[in-house]
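Protein chains in written order, with this note's numbering: chain A, 45 to 529; chain B, 13 to 125; chain C, 20 to 151; chain D, 272 to 729; chain E, 41 to 397.
Note that beta-carbon positions come from the ideal geometry of N, C-alpha and C, so glycine has one too.
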Amino acid sequence: MVPVLLILIPLLTGVALFAIRQEATAKSIALFSTLVSLAVMLAGMSVWNDAAHLSFNQPWIGALNSRFHFELDGMSQLLCLLTTFAFPLIIYSTWNNSYVDGNRFFGLMLLSQAGLLGVFMAMDAMLFYFFWELALIPLYFLCSRWGGEKRVQVTIKFFIYTFVGSLFMLIGLILLYFKSGGSFAWADYVKLTLSAREEMTIFILLVVAFAVKMPLFPFHTWQPDTYEQSPTAVTMILSAIMAKMGVFGLLRWLAPVVPAATYQWGDNFATLAVVGMLYASFVAIKQDDLKRLVAWSSIAHIGLMILALFAPSYSGIQGIMIQMFNHGINILGMWIVVNVIEQQFGTRKISELGGLAQKAPVLTILMLIVALANIAMPLTNAFIGEFMMFNGIWGSTATKFGMIYALAGIITIILSAVYTLRMVQNVFYGPTNERTANATDIRLNVQIALAILVVGIVLIGIYPKPILSMTTEISQQILDRMNLK
Amino acid sequence: MPINLYIFLALALFSIGVIGVLTRRNAIIIFMCIELMLNAVNLLLVAFSKMHLADSMAAGAAPTLTNGIDAQLFVFFIMVVAAAEVTVGLAIIVMMYRNIHSVDVNFLNRLKN
Amino acid sequence: MNLFFLQTAVASNTTINYLPIAIQLLFALGFVALTLGGTHLLGPSRKTSDKLENFESGIEAVGNARQPVAIKYFLVAILFVLFDVEVIFFYPYAVNFKELGWSGFLAVLMFVGFFLCGFYYIIKKGALRWED
Amino acid sequence: MNAIILSAILGVVLMFTGIFTTNKSTIRAVAVGGMLLLLLANIAELRGMQFFDINTRGMLVFSKLGLLFNSIAFGATLLYFLLSARDVLEVGENGADYFALIFFILCGVSIVSSFNSLLLLFLGIEIISIPLYILTGSDKRNLKSNEASLKYFLMGAFSTGIMLMGIVLMYGARATFSIDPTLQIANAGRDVWYTSGLMLLFISMAFKVSAAPFHFWTPDVYDGAPTVFTSFMATIVKAAVFIAFVRLFEFSYSNSGYDWRLIVSVVIAATLLIGNITAIFQQSVKRMLAYSSIAQAGFMLFALFSYNALSKEGIILYSLGYSLATIGVFAVLIKMKDYTFEGFNGLARTQPVLAATTTIFLLSLAGIPMTIGFFAKYFMLASAVKTGTYLWLVILAIICAAISVYYYFRVIQAMYFKEGAGETVAISSVFRWLLILVAGLIILFGIFPNMILNYLYF
Amino acid sequence: MIQLAIDLAFVLEKAILIGGIISVSLLVAMYSTWAERKVAGFMQDRLGPNRAGPFGLFQPLADGLKLFMKEEIIPNASNKFLFILGPGLAMMTAMMTSAVIPWGKQIEIFGRTVDLQIADINIGILYIFAVLSMGVYGIMIGGWASNNKFSLLAALRGASQMISYELAMGLSIIALLMLTGSLSLKTIVELQSASGGWWNIAYQPLGFLIFIVCAFAECNRTPFDLPEAENELNFGYHQEYSSMKLGFYLFAEYINMFMSSVLMATLYFGGYDIPFVNDASLIESMGMNLVAVLQGLSLFLKAAFFIFVFMWVRWTIPRFRYDQLMHLGWKVMIPLALFNMLITAIVVLIRENGWPF
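1) Cα-Cα, which of A/V196, A/D524, A/V384, A/I518 is closest to A/I364?
2) Per the DSSP calculation, A/A229 is bridged to which residue(s)?
3) Looking at chain C, which residues of the stretch 89–115 of chain B have a Cβ within less than 8 Å of any of its Cβ atoms?
4) Verify the CB distance criterion: does C/Y140 have a CB-CB separation below 8 Å to chain D?
5) How long is the line joining the alpha carbons of E/V333 and C/V95, rounded to whole angstroms?
6) Between A/L497, A/T515, A/L334, which has its C-alpha nearest A/T464's C-alpha?
7) Buried or exposed: A/A314, going by 16 or more other Cβ atoms within 10 Å of its Cβ?
8) Would you mind working out which of A/R189, A/G310, A/M368, A/A415 sits nearest A/E430, comparing C-alpha positions?
9) Report buried or exposed for D/A566, applying the criterion of at least 16 other Cβ atoms within 10 angstroms of its Cβ.
10) How would you list, in chain order, the residues of chain B whose beta-carbon sits under 7 Å from the beta-carbon of C/V104?
11) Answer yes or no: does any C-beta atom of chain A fall closer than 8 Å to that of D/A540?
12) Please return the same chain residues whose Cβ sits closer than 8 Å to the Cβ of D/I314, not counting the five positions on each side in sequence.
13) Residues bridged to E/K371 by DSSP?
14) Under the three-state reduction of DSSP, which class applies to E/E280: helix, strand or coil?
15) Measure the alpha-carbon distance for E/I141 versus E/G59 and round it to whole angstroms.
16) Below 7 Å between beta carbons is the criterion; list the residues of the stretch 100–113 of chain E that meet it against any residue of chain C, in chain order.
17) Is it right to say A/R189 is buried, meaning 16 or more other beta carbons lie within 10 angstroms of its own, or is it exposed?
18) Among D/G691, D/G460, D/S449, D/F478, which one has its Cα closest to the Cα of D/L519?
19) Would you list, in chain order, the members of the stretch 189–220 of chain A that have their beta-carbon closer than 8 Å to a beta-carbon of chain D?
20) Comparing alpha-carbon positions, which option in D/A655, D/E418, D/G468, D/L308 lies nearest D/M730?
21) Would you kindly work out how many angstroms separate the C-alpha atoms of D/S502 and D/F601, rounded to a whole number?
22) Excluding the 5 residues preceding and the 5 following A/I51 in the sequence, name in chain order all residues of the same chain whose CB lies nearer than 6 Å to its CB.
23) Ignoring anything shorter than 4 residues, give me the alpha helix (DSSP H) runs that lie fully in the stretch 533–582 of chain D, in order along the chain.
24) Please say whether E/F346 and E/S283 have beta carbons closer to each other than 8 Å?
25) Less than 8 Å between CB atoms is the rule here; does D/S564 satisfy it with respect to chain B?
26) Quick check: the Cα distance between A/I409 and A/I486, rounded to an integer number of angstroms?
27) Got a sec? Which residues, its chain only, sit under 7 Å from A/G43 by beta carbon, not counting five neighbours each side?
28) Compare the C-beta of D/M286 against all C-beta atoms of chain C and say whether one is closer than 8 Å.
29) Distance check for A/I329 and A/R296, CA to CA, integer angstroms please.
30) Give me the residue from C/M129, C/L147, C/N115, C/G145 with the minimum Cα distance to E/T220.
31) Under 7 Å Cβ to Cβ from A/D332, same chain only, skipping five residues before and after it: list those, please.
32) If we cut at 8 Å on Cβ distances, does B/V53 have a partner in chain D?
33) Could you check where the alpha helix (DSSP H) with A/W379 kicks off and where it finishes?
34) Kindly indicate which three-state DSSP category E/D155 falls into: helix, strand or coil?
35) Could you check whether the Cβ of E/D313 sits closer than 8 Å to any Cβ belonging to chain C?
36) As a quick exercise: from E/G369, E/S191, E/K189, E/L223, pick the residue whose alpha carbon is nearest that of C/I107.
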């Protein structure tokens, strides 16, 4: 019931939006639709919080034994909440951006929302793959149509990267299909016992898709360009939600399905993650473009999650899930700020900005909280997640190098403090220049959006128990499966 | 006569045809080489037909539709199809000739660029 | 009787029956070659350039004779190829038609129907219209 | 049987329609009506209604696969008629004859989809090929068309010769033209005939489906032929030959001791690589589509590579998806004034419906989920994975699929993201709605492939 | 390796027979030219050749000698090889036709029973058609090789005329085959002979009519002599020829005429069957050899009659226009022959199998 609604609302509204000519109407409808989704999601977590409402299971492709099987377990709930929460904020915070053919812009946005929600809820591999692509294609069009100058080349690169990845995943899923005796059900996959060789093949095929999506070093080369060239609203989706698809895929479709291979390859990927984190952090320090800075910082943060996954422990796994949510919120806040700045000053160069704190105090305060969350200060949400992950990595029984990984992770945190604070300092403090001299404070809608985020950040930072309890069960399940071998 | 002789002859004709198609540049000659290939096939079909008939006769079976006669029917079909092909092929070659006053296939490079 | 006409006839139709034809071919070849050779030797040979020109009613020949001719001739040749093949199909039928009886006749009637369809079509398409 | 006889009769009817009337709309109506009739008759046979009771002595076997394929081919042709019939009549003065030839081709199509004897295979292939030579050259004044036609004819006749040799050698070995796999070679000494015959057959069929390394004629021919006929050739005809190919080699796997898969896999790899990589460098959309059709042939060859239930379903879906999408793309292409990629620039602005539907067709060709093209590719890959070996081939295939995204998306990029006028000739609103219908079908079957596959079994 | 059981006596016997028949047909052809002129003279109320020998009987010899001694001219522009090949081919095909025609039943010489037929093959009629079709090449090659516009035009006309009429001819024969059920000429003759005087002409009048018209066209005789229509095309396809090569073309025409006559007699008029008597009983009473001579004579007389008809027609009926010719061949002869075939089939089937419905 809830899953179907969650998918159908954005899907149908999205399609319908193509028929609406006025941009303003389209925008309102889109906002309304996303709010309805959010309401449904919240209802699913409170009123309808029972198995009958949270799962949906109907036959789909008989020849393949594939089913329409959606389920909202703890992890899905968390991510769906993130998605449904993020979309209205994105639309609301970018309310003043105007687009050519706005109706199509919002239509595609909603289609991608449907895709994302489907990915998070699908319990059938074929369905998962379907939504995986459904989320991608609208984003391709969004980036290519409304992006920056080099958008066409950049987005085709992005598209081909992810498409190749997903095709590899498809092969992996097909292999799983045959190994499980003709089933696409996740529930069957986590019961499989495969030979080491088979697990390895499937692992490699699947991990490519997820690695591209997150992105994991060295599959990340599409990401900074794409983030930079996309319209900011789309970048928000890409980084706040889309990147989580990869991590989610690892957690849902990789680690529990091929645990032995995950264990076996764990150190290699953990090393890649560490390299990527450090590399991304250093690159971020050197960035002058706000968008690129945030993009690289995103790679660094995601790297930490990957690290926690490949050096698994209970605390780590749960930390990833929470951090997925937190990072989504935090990065969304960052992007909103970037968008505001770009809209107002027409530039994203840190070197060309400065002294905003005097002119826009509200923005500065809210921004500061978001930035602190980004560097995982205690009492912010990120602190909870990252602390759990460090804890997990440090004490992981799956790897011998837990301590080293944890240390490397801490270095990244420090580095992230360096670049985030440098950015804050250069943009908000110091002397004003001719660009920023006439700066005004942010509009009400952005204030509200950021405020909501900040409230969320602080709330979770102080009282994380609800989302912790949400993910307990599924974390345990994954861990059990991984410790089987 | 042993079947091998027929096979050698047919294969020789066939090979001449193939080589002709691959090496000659005149469309008409290529076309004739193709016809040569078809006729090599016809020859072999008839030879096989007799061979299988003899085989089944030796095994004491009465001639039936499957004992070689179908090969001779096949020859008829090949003839018909060859006639149809001749018709269309010559028409095409004539059309070509009327347009470029040559039947040399080396002229067929307009589409290359 | 002989649905398998082509095969039962094998017995009375061996290679030896064709030998005389080969001999006759040799005869004819020999005759033609001898005669042509003979006249070549016997006849006088006083060649002049005028004599070796093509004869076009006394007017000087202009251009090459081998130019594209009316497409009609070509069309006739093509139609001949098609219809001749169709006619060929009647031969095995004609030889066996008593054995094939009425069912065979109906089949051939159908074939004739196709034949006539094609025939009517080419006539209507003007393939045989010479006066234009 | 319904389809074979009816299509032959309809061909004759169309021939005579052309004689008795020159009114284009009448001809069009007759053609479309005939097509509808043919489709219905075939569906009736799929449901078990035989209109003609003819003893074919086991030379034809009407399987579900064949009949279902017929339905797909006829349905696709019907759509093709509806979309492009006007353009067919534009090619030359013998409009009705072109339709007649198409009906004859369909007769060949329904023969090759149900042949059980090599004799019928040969006949079917020729009935398909010969009218195609004519259609290719139907633009008589256009040298490109002439040249394509001559090239196609010479290549086609050559491969026919090779095919015949193969058939004869196999006949010599097996004493029958039937492709019934239970009839084995009686005489062990004749194995070599059988093998070489099979090899020759394989080569000739590879010629006909334009698999590498026998593909070289395809781009030129597709490019030179009038675009309407390229559309027909590249879709329905090609799929039909594939069905024949698959049916033909059904029995090669029963002949143990010979590893077909190696040969087929090499051919597939070559086809995919050549088709995809060359397509990238094309400047004309028509030529790009020609190369892409080679690439798609590579995917269809998987049906041959992994002969199992999945590949059967796959080839059905593939022929449906590929036909629908390609017919759609070509229908749009015909309306374009400029066939280069630049000609599509900014089409989204001037003709949003055209651009949107073309996008869906191209997405389907690229194999993006939610379109039938995805399931087509999926089934092919899955069938190959199921064989348990040759994973490298599957990997290669997906890399090639990714490459194909690049050139298909070039058109999308041109339409949506580039500035230009995107000039087209006049388009009727019926045409638009039909395009939407085709696109809708692609998405519908892309979400519910079962709607087609069920017919294979029930 | 290949064992053809070749009997020397057999070869000798056939060689003699072939020699005899070819000489006879050449002779007949020679004297047909004489006869033609005589008939023409008679029809036009004049004398015809009468200088060389009694009644001008040596005229053909003189003509032949003249052709022999003439200068051989091969035009510069022509294709030499094909220029020679053309008449050679025409002559050869003409000489090959006689191979399957039965000239009489059998004779007994030196204790051997000899068939008066060069080759009794079971596809006799097909053989004749095959050889006749080769005749087109002679004309076509000759006309093309000359590289003369008139020749080429004539050759084209001739070729398309011959192939057009070949269709109707083939179709008309089919009806005959339905009656006889055999393609062997010998069988056909024997069936007619055994039927007691009911020759095929009695059953196939329409078929015969079509056949004879087509035979005229095949031989390029008036009224179908368009390939050499002298007032349009100078001298037709053999315009550039001289000497014996020209002779070959002329000879071939007359041999073909003779062979057509023989064929008509064989197919429709009982062949060597002697009319009004029973050949089998005649053999009983007169002995084999004598009857064979009589049979041969009978065939010759029949053939001579048809040769006369050829000439008769030539000097009575004017030439067709080209479109009329094609119109007749395609639109009249072919449908008529088809109709004839179907009617024959129906009648025969009703007689043999009864009314089916």
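Judging by the given coordinates:
1) Locating residue 364 of chain A in the first sequence gives position 320, where the first residue counts as 1. Here the closest residue by C-alpha is A/I518.
2) As a position in the first sequence, residue 229 of chain A is number 185, starting the count at 1. Paired residue(s): A/D168.
3) The residues in question are M91, V92, A95, A96, V98, T99, L102, A103, V106, Y109, R110.
4) The residue given as residue 140 of chain C occupies position 121 in the third sequence. Cβ-Cβ to chain D under 8 Å: yes for C/Y140.
5) The residue you call residue 333 of chain E lines up with position 293 of the fifth sequence. The residue you call residue 95 of chain C lines up with position 76 of the third sequence. If you take the alpha carbons of E/V333 and C/V95, they lie about 45 Å apart.
6) For the purposes of this step, residue 464 of chain A is taken as the residue at position 420 of the first sequence. When each option's Cα is compared against that of A/T464, the closest is A/L334.
7) In the first sequence, counting from the first residue as 1, residue 314 of chain A sits at position 270. Per the 10 Å Cβ criterion, buried.
8) Locating residue 430 of chain A in the first sequence gives position 386, where the first residue counts as 1. With respect to the C-alpha of A/E430, the residue from A/R189, A/G310, A/M368, A/A415 having the closest C-alpha is A/M368.
9) Here residue 566 of chain D refers to the residue found at position 295 when the fourth sequence is read from its first residue. Taking all protein chains shown into account, D/A566 has 16 or more neighbouring C-beta atoms within 10 Å of its C-beta and is therefore buried.
10) By one-based count along the third sequence, residue 104 of chain C stands at place 85. Result: M91, V92, A95.
11) Position 269 of the fourth sequence, counted from the first residue, corresponds to residue 540 of chain D. With a threshold of 8 Å between beta carbons, D/A540 makes no contact with chain A.
12) Position 43 of the fourth sequence holds residue 314 of chain D. Within the same chain, D/I314 has close Cβ partners S342.
13) If you number the fifth sequence from 1, residue 371 of chain E lands on position 331. Secondary-structure assignment with DSSP links E/K371 through no beta bridge to anything.
14) In the fifth sequence, counting from the first residue as 1, residue 280 of chain E sits at position 240. Reduced to three states, the DSSP call for E/E280 is coil.
15) Sequence index remark: in the fifth sequence, residue 141 of chain E carries index 101 (1-based). Sequence index remark: in the fifth sequence, residue 59 of chain E carries index 19 (1-based). Cα to Cα, E/I141 sits roughly 14 Å from E/G59.
16) Taking 7 Å as the Cβ-Cβ cut-off against chain C, the residues of the stretch 100–113 of chain E that qualify are F108, M109, K110, E111, E112, I113.
17) Taking the first residue of the first sequence as 1, we reach residue 189 of chain A at position 145. It is buried - the Cβ of A/R189 has at least 16 other Cβ atoms within 10 Å.
18) Taking the fourth sequence and counting its residues from 1, one reaches residue 519 of chain D at position 248. Closest by alpha carbon: D/S449.
19) The stretch 189–220 of chain A vs chain D, Cβ under 8 Å: R189, R195, V196, I200, F203, I204, F207, V208, L211, F212, L214, I215, I218, L219.
20) The structure shown does not extend to residue 730 of chain D, since chain D spans only 272 to 729, so no value can be given for it.
21) Here residue 502 of chain D is taken as the residue at index 231 of the fourth sequence, counted from 1. Here residue 601 of chain D is taken as the residue at index 330 of the fourth sequence, counted from 1. In this model, D/S502 and D/F601 are separated by some 6 Å (Cα to Cα).
22) In the first sequence, counting from the first residue as 1, residue 51 of chain A sits at position 7. Apart from the 5 residues on each side of it in sequence, A/I51 sits with its Cβ closer than 6 Å to the Cβ of A158, L161, G162 in its chain, given in chain order.
23) Runs of alpha helix (DSSP H) with 4 or more residues, each lying fully within the stretch 533–582 of chain D, are found at 556–571, 573–576, listed in chain order.
24) Here residue 283 of chain E is taken as the residue at index 243 of the fifth sequence, counted from 1. Here residue 346 of chain E is taken as the residue at index 306 of the fifth sequence, counted from 1. No. Outside cutoff.
25) The sequence position of residue 564 of chain D within the fourth sequence is 293, counting from 1. For D/S564, no Cβ of chain B is located within less than 8 Å of the residue's own Cβ.
26) If you number the first sequence from 1, residue 409 of chain A lands on position 365. If you number the first sequence from 1, residue 486 of chain A lands on position 442. The straight-line gap from Cα to Cα measures roughly 12 Å.
27) Here chain A covers residues 45 to 529 and nothing more, so residue 43 of chain A does not appear.
28) Translated into positions along the fourth sequence, residue 286 of chain D becomes position 15. Taking Cβ atoms only, chain C reaches closer than 8 Å to D/M286, which makes this a yes.
29) For this step, residue 296 of chain A is matched to residue 252 along the first sequence. For this step, residue 329 of chain A is matched to residue 285 along the first sequence. One C-alpha to the other measures close to 33 Å.
30) In the fifth sequence, residue 220 of chain E corresponds to position 180, counting from 1. Comparing Cα positions, the closest option is C/N115.
31) In the first sequence, the residue the question calls residue 332 of chain A occupies position 288. Counting only Cβ-Cβ distances below 7 Å, and skipping sequence neighbours, we find K393, I394, S395.
32) Numbered from its first residue, the second sequence carries residue 53 of chain B at position 41. At least one chain D Cβ lies under 8 Å of B/V53.
33) Here the question's residue 379 of chain A lines up with position 335 in the first sequence. A/W379 -> alpha helix (DSSP H) spans 358–389.
34) Taking the fifth sequence and counting its residues from 1, the one referred to as residue 155 of chain E is at position 115. It is a strand residue.
35) Taking the first residue of the fifth sequence as 1, we reach residue 313 of chain E at position 273. By this cut-off, E/D313 is not an interface position.
36) In the third sequence, the residue the question calls residue 107 of chain C occupies position 88. Looking from the CA of C/I107, the closest CA among E/G369, E/S191, E/K189, E/L223 belongs to E/L223.
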